[in-house]
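Here the structure comes first, spelled out in C-alpha cells, and everything after it is commentary.
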Amino acid sequence: MIYGEQKMKKYKSFAFRAAAFAAALLYLSACGNEIEYPEGADTLPTYSATGTVMTVYDTSEHTTPEITTTSAQTTVSEETTVPKSETETETTTETVPSESETASSASQSLSLEDVPEVGISEYYEKTQTTPPQPAVTAAPSQTTASVSAVTSETVSLSESVSSESVTISEVSSEGAVTASSETEVSAADVSSGLNIKLTDGRTSKYTGRKIISHPYSYYTLDSKHQKLYDKLVSAMLDCDDKILFDKDEQVTFEELFDTYQLIYNDENRLFYISPTIEYVTDASTGYIRSMKVGYTFSKEKIKTMQAEIDEETDKILSMITSDMSDYDIVKLFHDYIIVNCKYNSDAANPNSIYGTLVEKNALCQGYSQSFTYLCSLVGIDSFIVLGVANEPHMWNVVKMGGDYYHIDLTWDDPDRPKSPDSVRYDYFGLTDDRIRELRQFDEYDYEIPEAKGTKYQYYYYNNLVAGSVSEAKALISSEALKAAETKASTIQILCADDKVFKEVTDIFFGNSSDNVIGILGSIKDKAKNRFNTESIYHNSNSSTRTVKIFLEYLD
Numbered sequence: 037m038i039y040g041e042q043k044m045k046k047y048k049s050f051a052f053r054a055a056a057f058a059a060a061l062l063y064l065s066a067c068g069n070e071i072e073y074p075e076g077a078d079t080l081p082t083y084s085a086t087g088t089v090m091t092v093y094d095t096s097e098h099t100t101p102e103i104t105t106t107s108a109q110t111t112v113s114e115e116t117t118v119p120k121s122e123t124e125t126e127t128t129t130e131t132v133p134s135e136s137e138t139a140s141s142a143s144q145s146l147s148l149e150d151v152p153e154v155g156i157s158e159y160y161e162k163t164q165t166t167p168p169q170p171a172v173t174a175a176p177s178q179t180t181a182s183v184s185a186v187t188s189e190t191v192s193l194s195e196s197v198s199s200e201s202v203t204i205s206e207v208s209s210e211g212a213v214t215a216s217s218e219t220e221v222s223a224a225d226v227s228s229g230l231n232i233k234l235t236d237g238r239t240s241k242y243t244g245r246k247i248i249s250h251p252y253s254y255y256t257l258d259s260k261h262q263k264l265y266d267k268l269v270s271a272m273l274d275c276d277d278k279i280l281f282d283k284d285e286q287v288t289f290e291e292l293f294d295t296y297q298l299i300y301n302d303e304n305r306l307f308y309i310s311p312t313i314e315y316v317t318d319a320s321t322g323y324i325r326s327m328k329v330g331y332t333f334s335k336e337k338i339k340t341m342q343a344e345i346d347e348e349t350d351k352i353l354s355m356i357t358s359d360m361s362d363y364d365i366v367k368l369f370h371d372y373i374i375v376n377c378k379y380n381s382d383a384a385n386p387n388s389i390y391g392t393l394v395e396k397n398a399l400c401q402g403y404s405q406s407f408t409y410l411c412s413l414v415g416i417d418s419f420i421v422l423g424v425a426n427e428p429h430m431w432n433v434v435k436m437g438g439d440y441y442h443i444d445l446t447w448d449d450p451d452r453p454k455s456p457d458s459v460r461y462d463y464f465g466l467t468d469d470r471i472r473e474l475r476q477f478d479e480y481d482y483e484i485p486e487a488k489g490t491k492y493q494y495y496y497y498n499n500l501v502a503g504s505v506s507e508a509k510a511l512i513s514s515e516a517l518k519a520a521e522t523k524a525s526t527i528q529i530l531c532a533d534d535k536v537f538k539e540v541t542d543i544f545f546g547n548s549s550d551n552v553i554g555i556l557g558s559i560k561d562k563a564k565n566r567f568n569t570e571s572i573y574h575n576s577n578s579s580t581r582t583v584k585i586f587l588e589y590l591d
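Encoded structure:
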C-alpha cells in the first residue's frame with residue numbers, strides 16, 4: 037500500500053472533520069472582528085475548504101424524521117409534516133482587513149519601502165463569502181407511491197447488468213478519462229466494486245511511476261467501504277444519474293453519507309458533483325436501495341471541461357524532464373499554480389481543479405486540490421489537510437524523497453504588483469512542528485503520516501538560511517547578482533532564529549550605511565542587469581522569519 041511504510045499519527049474521522057470544520061466556521065462567524073491574534077501571527081486570509089451546503093433527501097415513501105447536522109453533534113427532530121421548501125444555504129460574509137504599507141527613510145534622499153507581503157485577497161481588501169461545511173437534511177418525500185411499488189422498481193445491481201456487457205473507459209497516462217474500446221466486465225465484478233478505471237497499476241509516461249488513483253483517505257477505509265467508495269466514484273465518473281444497491285450490500289444511510297462526504301471533499305477529479313443527493317431506503321430493512329446523483333453541469337459540458345483540464349494538465353506535465361527529482365517536480369507544480377492562478381473570491385469555480393487550471397481563478401480548495409491532482413498523475417504521494425489559519429483553510433502534505441512535508445500554495449501566493457514573477461516559499465516543506473506554530477490542524481479518526489522531513493524545506497535545501505547578520509549580507513549580495521542574470525525580481529532568505537531575524541531587520545532596514553541600500557549599492561556594478569539602488573522595496577515576516585528584497589531594473 038502506498039502509504040503504509042511511514043510512522044503514523046492518529047486523527048479523528050472525516051465525519052468529525054466535517055463537523056469540526058463547520059463548528060470552526062460558526063465560531064469565526066460569531067466572533068467576527070472580536071477575534072484577536074498575537075502580534076506577528078500569520079494574517080494571510082484564505083478560503084474555507086468546502087463550497088456549499090450538502091442537502092440529502094430521502095425519497096422513500098415512508099415518513100423519515102428530519103436530521104440536521106451543523107456541528108460535531110447531530111440533532112434529530114421529529115416532524116410529521118412535509119417541509120414546504122428546501123433548507124437555504126447560510127453564508128457568512130467577512131471583510132478581509134488589509135495591512136498598511138510603511139516606509140522607512142534611509143540616509144540622504146534614498147528610501148526603503150516596506151511592502152506588506154500579503155495574499156492577493158488581503159492586499160485588495162476583498163470581501164469574501166465563506167460557506168459553511170456541508171450539512172445534512174433528510175426530509176420526508178412528497179412521493180405518494182407505496183413502498184411495494186418503490187421496491188418493485190428497485191432492481192439490484194447484479195440483476196441490472198447480468199444480461200449485458202459493460203462498456204468502460206480507461207484512464208490515460210495523463211489521468212484523463214478517455215473513450216476506449218469496449219471491455220467486458222462480469223456482473224460479479226461490477227457488483228463487488230471492481231472497476232478498471234479505479235484500479236491501481238497504471239503508469240505515468242512522465243515519470244514512469246504508478247499513478248495514484250485514490251486519495252489518501254481511501255486507504256484508511258475497510259474493504260466494504262472501499263467497495264462502496266469505488267462504486268460511487270465509478271458511477272459519477274460516468275455521470276450516472278442513479279445508482280442501485282443490491283440488498284446483500286447492506287448500505288446504511290450513515291455509510292452512504294460518510295462515503296459521499298469523503299468523495300465530495302477529496303475526489304478532485306469529480307469537480308462537477310452536486311452537494312445534493314437523493315436516496316431510497318427499503319422499508320423492511322432500512323438499507324439503501326438506490327440513490328440519485330446530481331451534477332452541476334450537463335454531461336456534454338463536463339466532457340468539454342474535462343478535455344480542457346486534460347489539455348492544461350498535459351501542458352504542465354510536459355515540463356517534467358527525466359532528471360527531475362521529487363523536489364523539482366513538486367516545486368514545478370507549486371510555482372506554476374501560484375504564478376498562473378489568481379486568488380479570487382469572485383471566481384466562477386473557485387473550489388475545483390477546473391477553476392484553478394483552466395479558468396485560473398480559485399481559492400484555497402482549488403489550489404490544494406489541483407496540486408494533489410497533478411501529484412497523483414506522476415505518482416507522488418500528496419493529500420489535503422484541513423485546519424484553521426486565522427480562518428478555516430486547506431493546504432497539502434506531500435512526500436519528497438521518502439519523507440512527508442507540509443506545503444501551502446495559497447499562503448505562498450503573494451500580491452505581485454511590483455514583482456510579477458514573485459513566488460513565496462515560506463510554506464514550502466514545513467514539518468508538523470513548524471506548521472503547528474503557524475496554524476492548527478483539524479483532527480481525524482484515521483492515521484496520517486507524520487511530516488518530519490527537513491531536507492527539502494526550501495530555504496535549507498537552497499542554502500538560503502542566515503545564522504548571523506554577516507551571513508545575511510553575503511546571501512543578499514550573492515542572490516542579487518544571481519537574480520540580475522535573468523532580471524528576477526525577488527531575493528528571499530530565512531533567518532535561523534528570532535534573534536537573528538531582529539538583528540538583520542534592524543540593520544537592513546535602518547538608516548545606517550550597512551542597510552540593504554548600502555549592500556546592493558556595493559555590488560551594483562557587478563550585476564549583469566542594472567537595478568535601482570536608490571529606492572528599495574522589501575518585506576520581512578516575523579512569523580516565518582523571512583526577509584525579501586524586490587529589485588527594480590533600470591533597463
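All you need for our numbering is the position in the sequence shown, starting with 1, plus 36.
All C-beta atoms, glycine included, are put in the ideal place defined by N, C-alpha and C.
Given the structure is predicted, the values throughout are model-derived calculations rather than measurements.
Assignment of HIS250 by DSSP, reduced to helix, strand and coil, places it in the coil class. Sequence-distant partners of TYR495 (beyond 5 residues in either direction) whose C-beta falls short of 6 Å from its own C-beta, in its chain, are VAL501 and LEU530.
Counting other Cβ atoms within 10 Å of its Cβ, MET436 reaches 16 or more and is therefore classed as buried. Take ASN380, set aside five residues on each side of it, and the residues of its chain with a beta-carbon closer than 6 Å to its own are ASN397, in chain order. By the Cβ-count criterion, ASP533 is exposed, with fewer than 16 other Cβ atoms from all chains shown falling within 10 Å of its own Cβ. ALA384 sits exposed, since fewer than 16 C-beta atoms from the chains shown fall within 10 Å of its C-beta. Judged by their CB atoms, VAL366 and LEU306 are not nearer to each other than the 8 Å cut-off.
Going by C-alpha positions, GLU570 is about 12 Å away from ILE555. In the DSSP assignment, GLN528 forms a beta bridge with LYS584. In this model, ILE248 and THR446 are separated by some 23 Å (Cα to Cα). For the pair of segments examined, the segment 255-263 was found not to touch the segment 302-318: the number of CB pairs separated by less than 8 Å stays below three. Scanning the segment 400-440 from its first residue to its last, the whole beta strand (DSSP E) runs of 3-plus residues come out as 418-424 and 428-436. Pairing HIS250 with ILE543, the inter-Cα distance amounts to about 51 Å. By the C-beta density criterion, ARG566 is exposed, having fewer than 16 other C-beta atoms within 10 angstroms.
In the three-state scheme derived from DSSP, where H, G and I count as helix and E and B as strand, ASN568 is classed as coil. Ranked by Cα distance from LYS283, the options ALA343, HIS429 and SER320 are led by SER320.
DSSP places GLU483 in the strand class (E or B) of the three-state scheme. Collapsing the DSSP output to three states places SER259 in a helix.
LYS328 is the residue among ASP448, SER514 and LYS328 whose C-alpha sits nearest the C-alpha of LYS278. Under the three-state reduction of DSSP, LYS241 is assigned to coil, being neither helix nor strand. In the structure shown, PHE307 adopts coil according to DSSP, grouped into three states. The DSSP assignment places complete beta strand (DSSP E) segments of no fewer than 3 residues inside the segment 495-547 at 526-531, in order along the chain. Within the same chain, and ignoring the five residues on either side of ASP591 in sequence, the residues whose Cβ sits closer than 8 Å to its Cβ are ASN565 and ARG566. Going by DSSP, LEU556 is part of the alpha helix (DSSP H) stretching over 552-557. Counting only runs of 4+ residues, the alpha helix (DSSP H) found wholly inside the segment 359-403 occupies 362-376, in chain order. By the criterion of a C-beta distance shorter than 7 Å, GLY557 is surrounded in its chain by THR569, once the five residues flanking it on both sides are discounted.
Taking C-beta separations shorter than 8 Å and ignoring five residues to either side along the sequence, the partners of ILE338 in its chain run CYS275, TYR308 and TYR331, following chain order. Residue state for SER270 is assigned as helix, using DSSP reduced to three classes.
Of the candidates PHE477, ALA524 and ALA520, ALA520 places its Cα closest to the Cα of ILE559.
The beta-carbon separation of ASP478 and LEU422, rounded to 4 Å, stays under the 8 Å limit for a contact. By the Cβ neighbour-count rule, SER406 is buried, with 16 or more other Cβ atoms within 10 Å of its own. When secondary structure is reduced to three states using DSSP, ILE324 falls in the strand class.
With a 10 Å radius around the Cβ and a threshold of 16 neighbouring Cβ atoms, GLN476 comes out exposed.
Under the 10 Å beta carbon count, LYS584 is surrounded by 16 or more other beta carbons and is classified as buried. Nearest to VAL459 by C-alpha distance, out of THR526, LEU517 and ASN577, is THR526.
Distance from the CA of ASP550 to the CA of THR541, rounded to the nearest whole angstrom, comes to 11 Å.
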